[in-house]
Amino acid sequence: MTAGRGGAPRGPALTVDLLIVPVEEPGGVVLVRRRYEPVGWALPGGFVDHGETVEAAAIREAKEETGLDVTLLRQFHVYSDPARDARQHTVSVVFVAAARGRPAGADDAAEARVFSMGALPEPIVFDHAQILEDFVQGRY
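The working numbering runs 318 ahead of the 1-based position in the sequence shown.
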């Protein structure tokens, strides 16, 4: 394990991702087109701030990246493969959420759109294609 500040062991960064299901479009999911590397489509999400709960981080990230006010429905699963993000080791708590309205890309999302689960865009970055497949297949 690599040492962090003050010699303490450095662990993975904690993140959240959201499977946002639009109330007006059953069978759809909100994805964002990333403005920064890795460029591609992703679930809305990001890093949990110090002193913030994962639930608060999920609600904040959804608003920042899509403009949507979400209602968290349930925790879906935790993804922790060290290779899930090439930039650094992250652990993501993934939530299923509902929202009303039309998403609009903001913050580090160049675009936010609703896609049918049967017609997802490419490329999907990180391990988000696996998360989407797990969701569609009813895993977890």
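By construction, the Cβ of each residue, glycine as well, lies at the ideal position given by its N, Cα and C atoms.
Just checking my contact of residue i with residue j at CB under 8 Å: how many whole Å lie between their CB atoms?
i	j	result
V350	A417	That pair is no contact at about 13 Å.
R392	V414	5 Å
L390	E379	Not a contact, Cβ separation roughly 12 Å.
Could you confirm whether any beta carbon from chain B is found closer than 7 Å to the beta carbon of residue i?
i	result
V411	Looking at the structure shown, chain B is missing, and only one protein chain is on hand.
Can you give me the C-alpha to C-alpha distance between residue i and residue j, rounded to a whole angstrom?
i	j	result
A376	G325	30 Å
S434	R420	14 Å
D403	P441	15 Å
P327	D399	19 Å
R353	L386	18 Å
D452	E429	24 Å
G423	P439	16 Å
V388	L337	10 Å
T333	R405	13 Å
G456	D425	31 Å
V454	Y397	16 Å
A437	L361	15 Å
How far does the alpha helix (DSSP H) with residue i in it reach, from first residue to last?
i	result
A375	V372 to T384
Let's see if you can read the secondary structure: which residues bound the beta strand (DSSP E) around residue i?
i	result
A447	No beta strand (DSSP E) holds A447; the alpha helix (DSSP H) holding it covers H446 to V454.
Q393	V388 to Y397
V366	Here V366 belongs to no beta strand (DSSP E), and DSSP marks it neither H nor E.
V347	G346 to R352
E429	A427 to S434
P340	A331 to P340
Do the CB positions of residue i and residue j come within less than 7 Å of each other?
i	j	result
G358	D335	no
E355	A427	no
H395	Y458	yes
V432	V339	no
V409	P330	yes
Exercise. Can you find at least 3 beta carbon pairs, one from the segment 439-450 and one from the segment 367-374, that sit closer than 8 Å?
Worked result: With the cut-off at 8 Å, the segment 439-450 and the segment 367-374 do not touch.
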